[in-house]
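One structure is given here, and the rest of the page talks about it.
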Amino acid sequence: MASSVLQAHQGGWRSLFKRPSTREQDSIGEKTGLPKWNMGILNDRETIEVPGSVLLLAQDHNKPLGLRNAPARTSHSTIPVGILQLEPDGPPDDSRKKTRDGKIILEPQPEESMNDPLNWPAWRRDSALLSLGLFCMVGGGMTPILAAGFTNVAHDFDIDVASVSLTTGLYMMGMGIGSVVFSPTAILYGKRPVYLFGAVLFVITSIWCAVSPNFTSLVIARIFQGISVSPVECLPSATIAEIFFLHERAFRIGIYTLLLLGGKNLVPLVSAAIMQSLSWRWVFYIAACIVAFCGVLLFLFVPETFWDRAPHKHHKSRNSGSRPGFFRRYSSKRSTTTQGIPSAAGNQSNDMTEGGDASAQPHARLRSSRVSFAAFPEPEVPNETADGKGPTLAGDINQQESLQKPDLHGGLADTDTESQSISSSRLSALATAAERQAYTVALRDQPARSFVQQLKPFHGRLQSDKWHKVAIRPLILFSYPAVLWSAIVYSCSVGWLIVISESVAVIYREGDAYHFNALQTGLVYISPFIGGILGTAVAGKVSDIIVKAMARRNGGLYEPEFRLVMAIPVAITTVIGLMGFGWSAQLGDHWIVPTAFFGVVSFGCSLGSTTSITFCVDSYRQYAGEALVTLNFSKNIFHGLVFSLFVTGWLKDDGPKTVYIWIGIIQLILLVSTIPMYIYGKRARMWTVRKNFMEKF
Numbered sequence: 001m002a003s004s005v006l007q008a009h010q011g012g013w014r015s016l017f018k019r020p021s022t023r024e025q026d027s028i029g030e031k032t033g034l035p036k037w038n039m040g041i042l043n044d045r046e047t048i049e050v051p052g053s054v055l056l057l058a059q060d061h062n063k064p065l066g067l068r069n070a071p072a073r074t075s076h077s078t079i080p081v082g083i084l085q086l087e088p089d090g091p092p093d094d095s096r097k098k099t100r101d102g103k104i105i106l107e108p109q110p111e112e113s114m115n116d117p118l119n120w121p122a123w124r125r126d127s128a129l130l131s132l133g134l135f136c137m138v139g140g141g142m143t144p145i146l147a148a149g150f151t152n153v154a155h156d157f158d159i160d161v162a163s164v165s166l167t168t169g170l171y172m173m174g175m176g177i178g179s180v181v182f183s184p185t186a187i188l189y190g191k192r193p194v195y196l197f198g199a200v201l202f203v204i205t206s207i208w209c210a211v212s213p214n215f216t217s218l219v220i221a222r223i224f225q226g227i228s229v230s231p232v233e234c235l236p237s238a239t240i241a242e243i244f245f246l247h248e249r250a251f252r253i254g255i256y257t258l259l260l261l262g263g264k265n266l267v268p269l270v271s272a273a274i275m276q277s278l279s280w281r282w283v284f285y286i287a288a289c290i291v292a293f294c295g296v297l298l299f300l301f302v303p304e305t306f307w308d309r310a311p312h313k314h315h316k317s318r319n320s321g322s323r324p325g326f327f328r329r330y331s332s333k334r335s336t337t338t339q340g341i342p343s344a345a346g347n348q349s350n351d352m353t354e355g356g357d358a359s360a361q362p363h364a365r366l367r368s369s370r371v372s373f374a375a376f377p378e379p380e381v382p383n384e385t386a387d388g389k390g391p392t393l394a395g396d397i398n399q400q401e402s403l404q405k406p407d408l409h410g411g412l413a414d415t416d417t418e419s420q421s422i423s424s425s426r427l428s429a430l431a432t433a434a435e436r437q438a439y440t441v442a443l444r445d446q447p448a449r450s451f452v453q454q455l456k457p458f459h460g461r462l463q464s465d466k467w468h469k470v471a472i473r474p475l476i477l478f479s480y481p482a483v484l485w486s487a488i489v490y491s492c493s494v495g496w497l498i499v500i501s502e503s504v505a506v507i508y509r510e511g512d513a514y515h516f517n518a519l520q521t522g523l524v525y526i527s528p529f530i531g532g533i534l535g536t537a538v539a540g541k542v543s544d545i546i547v548k549a550m551a552r553r554n555g556g557l558y559e560p561e562f563r564l565v566m567a568i569p570v571a572i573t574t575v576i577g578l579m580g581f582g583w584s585a586q587l588g589d590h591w592i593v594p595t596a597f598f599g600v601v602s603f604g605c606s607l608g609s610t611t612s613i614t615f616c617v618d619s620y621r622q623y624a625g626e627a628l629v630t631l632n633f634s635k636n637i638f639h640g641l642v643f644s645l646f647v648t649g650w651l652k653d654d655g656p657k658t659v660y661i662w663i664g665i666i667q668l669i670l671l672v673s674t675i676p677m678y679i680y681g682k683r684a685r686m687w688t689v690r691k692n693f694m695e696k697f
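According to the UniProt record's numbering, the sequence shown is numbered sequentially starting from 1.
Okay, here's the thing in structure tokens:
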């Protein structure tokens with residue numbers, strides 16, 4: 001076993017791209033019986049069970065593959081991804097809790113305690129979503145809030161318009177720094193104190209921006225404002241995942257995304273009207289008032305949503321029924337033969353968005369235009385320990401001692417060998433289990449907390465992980481090819497819209513063709529707002545149709561790489577939109593022409609951002625929390641900051657035609673990387689499993 005693991009590690013990147021000889025291919029085929037290609041995707045040479053692949057066995061049951069090959073996660077994430085659970089082949093356990101109409105099994109399974117966020121009344125969960133969504137809408141629109149007033153700011157501080165673009169670029173740098181700081185803090189201390197602190201800092205920095213006596217003060221204030229706003233990008237998805245069941249999340253995440261992206265286009269329009277009537281300083285005064293109101297809503301309606309869903313011993317209650325164990329050992333490898341072609345091969349979208357609530361009347365089928373993630377089953381959540389007083393360390397250790405570490409050579413678990421001893425690091429992690437579960441255990445045995453009790457802003461340390469280790473984990477994901485590709489595409493998808501926002505004042509106000517005032521420039525954002533909504537709707541519908549068709553042709557096996565087909569319309573719309581915007585602005589065409597191309601760019605960028613996020617999360621569901629931080633960090637630092645340093649000056653020197661033709665070429669070159677990502681993506685996923693970089697930190 002040791003030699004096989006060493007051989008897998010020595011292969012490195014060469015194992016991804018090395019083309020085997022005909023003899024080697026024949027040997028591989030004899031050993032594994034696997035085809036080399038499926039739907040243009042190279043299979044792993046040793047196994048079909050690659051984490052991220054999903055075998056669709058029936059219309060109502062999706063089974064993830066590669067769970068035995070996925071390394072056990074020993075750290076915590078902002079998103080409760082649960083414990084990857086192996087279940088024996090056969091029908092699902094009917095004893096699990098379902099919606100009142102009995103049609104949908106609740107995932108994750110709620111506990112009996114009314115303090116479990118999943119058991120909160122529907123009004124409390126929805127009010128938390130709307131309060132958080134309003135805060136995100138305002139925060140999301142702060143990036144281009146001065147776009148229509150660059151000329152006004154430049155006049156007040158006696159600087160050139162190109163310098164004013166730093167207020168956007170350095171603001172995005174602050175957002176990137178803040179996401180790296182607040183994400184691990186939220187994991188260790190809870191999301192509620194992070195939201196409240198961010199809202200307070202948001203108000204302070206908005207007032208600071210409004211009273212800034214010079215440009216340097218304004219830039220520094222914008223950096224700290226970016227830090228204060230950063231939680232709106234990296235935490236709300238986790239909050240939604242903690243208070244809504246799997247079948248409810250797609251609709252709620254769609255609401256959050258619509259508010260966040262809508263704010264980026266609507267807030268600049270409102271700010272333009274304010275600047276036209278008052279001044280750019282009043283934009284920040286009014287923003288401070290609105291954020292203060294949002295902070296009150298957060299304090300009243302967004303309680304702490306943390307709940308430790310790690311497995312613990314329990315006795316069987318009359319309501320819970322018998323539940324399968326979290327960890328099972330097998331004496332032989334499970335068969336991965338597909339049992340027929342499902343009638344809806346891509347049903348992870350439809351199944352996830354239907355059904356009702358555990359505490360409310362059954363809902364009608366919810367249809368969402370958002371792309372859903374391929375769902376991994378989340379663990380059953382037991383009620384209490386055998387003695388009814390919570391988990392015991394000894395029980396956890398005894399349970400873990402029965403586990404078996406897989407041999408990662410070839411990705412196949414060596415289930416026929418003896419169990420290996422638990423490593424010292426694993427024992428150390430188990431030693432802190434009681435500390436990790438202390439908050440949840442205390443609430444589990446208490447009656448339902450009142451509204452006033454939930455207003456407590458801080459609950460102490462909730463997790464035992466080290467802060468610096470949690471903070472560095474999103475950066476490690478850059479070594480994962482799927483995450484790296486997603487970070488590049490996501491950065492460009494959002495970044496090009498910011499680049500256009502920084503040049504709006506130069507083209508529509510400073511140029512020789514249009515001579516718009518601040519309000520007229522702000523009205524330009526109606527076009528990208530409409531384009532963004534249409535792009536979000538099309539991304540969900542078209543992507544799901546493509547995924548279902550490809551999975552059906554692939555014998556019911558879903559691969560995350562199927563999402564990459566959407567890169568074709570992304571490339572067409574963004575490249576045409578970028579080049580058309582610059583070309584028409586240079587020629588002085590009617591203002592509707594570049595404005596329409598702005599909407600086309602927004603349409604394509606919505607497709608790109610949705611595709612990159614779903615591909616990334618489907619590939620590494622267990623690291624979804626860190627992956628979202630990685631994507632936003634890339635967008636804010638590597639794209640938003642870098643381009644803001646020179647794009648406005650470049651625009652004034654060479655004109656919009658040259659600038660946006662080159663930007664379109666850059667976008668096309670980057671999207672060409674989708675081809676090798678599609679072909680080698682599955683092997684890349686298995687390569688990262690064998691290397692296991694994330695769990696080494």
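Ideal placement from N, C-alpha and C gives every residue a C-beta, glycine not left out.
First through last residue of the alpha helix (DSSP H) which encompasses residue i
| i | result |
| --- | --- |
| residue 468 | 467-476 |
| residue 208 | 191-211 |
| residue 628 | 624-633 |
| residue 127 | 122-140 |
| residue 698 | Nothing in the structure corresponds to residue 698, since the chain is present only between 1 and 697. |
| residue 464 | That residue, residue 464, is in no alpha helix (DSSP H); it is neither H nor E in DSSP. |
| residue 102 | Segment: none, residue 102 is in no alpha helix (DSSP H) and carries neither H nor E. |
| residue 691 | 674-691 |
| residue 520 | 518-523 |
| residue 242 | 236-243 |
| residue 152 | 150-157 |
| residue 565 | Residue 565 -> no alpha helix (DSSP H), and no H or E assigned at all. |
| residue 162 | 161-164 |
Coil, strand or helix - residue i by DSSP
| i | result |
| --- | --- |
| residue 307 | coil |
| residue 38 | strand |
| residue 456 | coil |
| residue 393 | For residue 393, the pLDDT reaches just 33, beneath the cut-off of 50, and the residue's location in the model is therefore unreliable, although a value from the coordinates is still provided. Of the three classes helix, strand and coil, the one that applies to residue 393 here is helix, per DSSP. |
| residue 614 | helix |
| residue 302 | coil |
| residue 557 | strand |
| residue 54 | strand |
| residue 372 | Legend: pLDDT at residue 372 = 44, less than 50; position of this residue unreliable, value from coordinates given subsequently. In this structure, residue 372 counts as coil in the three-state DSSP scheme. |
| residue 97 | coil |
| residue 225 | helix |
| residue 403 | With a pLDDT of 37 at residue 403, under the threshold of 50, the modelled position of this residue cannot be trusted, and the question is left open. |
| residue 588 | coil |
| residue 119 | helix |
| residue 508 | helix |
| residue 639 | helix |
| residue 266 | helix |
Assumed close pair residue i, residue j - CB separation to whole angstroms, cut-off 8 Å
| i | j | result |
| --- | --- | --- |
| residue 147 | residue 191 | Wrong, their Cβ atoms sit about 30 Å apart, outside the cutoff. |
| residue 701 | residue 145 | Since the first residue of the chain shown is 1 and the last is 697, residue 701 is not available in this structure. |
| residue 137 | residue 260 | 7 Å |
| residue 52 | residue 683 | 12 Å between Cβ atoms; not a contact. |
Sub-7 Å separation of residue i and residue j beta-carbons
| i | j | result |
| --- | --- | --- |
| residue 640 | residue 263 | no |
| residue 180 | residue 186 | no |
| residue 493 | residue 681 | no |
| residue 43 | residue 443 | no |
| residue 663 | residue 176 | no |
| residue 236 | residue 118 | no |
| residue 499 | residue 647 | yes |
| residue 582 | residue 525 | no |
| residue 618 | residue 560 | yes |
Cutoff 7 Å: residue i Cβ touching any chain E Cβ
| i | result |
| --- | --- |
| residue 474 | No chain E is part of this structure, which consists of one protein chain only. |
**Request:** Specify whether the stretch 602-613 and the stretch 584-591 touch according to this definition: at least 3 beta carbon pairs, one from each stretch, less than 8 Å apart.
**Result:** These segments do not touch.
**Prompt:** Are the stretch 292-303 and the stretch 542-549 touching, with three or more C-beta to C-beta distances below 8 Å?
**Reply:** Fewer than three beta-carbon pairs drawn from the stretch 292-303 and the stretch 542-549 are found closer than 8 Å, and the two stretches are therefore not classed as touching.
**the stretch 609-627 / the stretch 513-530 touching (three or more Cβ pairs under 8 Å)** = The answer is no - the stretch 513-530 does not touch the stretch 609-627, with fewer than three Cβ pairs under 8 Å.
**Item:** Inter-stretch contact at 8 Å, needing at least 3 Cβ pairs: the stretch 473-480 / the stretch 677-696
**Value:** Yes: the two stretches touch, three or more of their Cβ pairs being nearer than 8 Å.
**Message:** Using a Cβ distance threshold of 8 Å, determine whether the stretch 665-680 contacts the stretch 557-573, with at least three qualifying pairs required.
**Reply:** By the C-beta criterion, the stretch 665-680 is judged to be in contact with the stretch 557-573, since at least 3 inter-stretch pairs fall below 8 Å.
**Request:** Could you tell me whether the stretch 530-544 touches the stretch 273-287, using the rule of 3 or more Cβ pairs below 8 Å?
**Result:** By the Cβ rule, the stretch 530-544 does not count as touching the stretch 273-287, because fewer than three pairs are nearer than 8 Å.
**Item:** Contact between the stretch 484-504 and the stretch 210-220 (3+ Cβ pairs under 8 Å)
**Value:** The stretch 484-504, when compared against the stretch 210-220, does not touch it at the 8 Å Cβ threshold.
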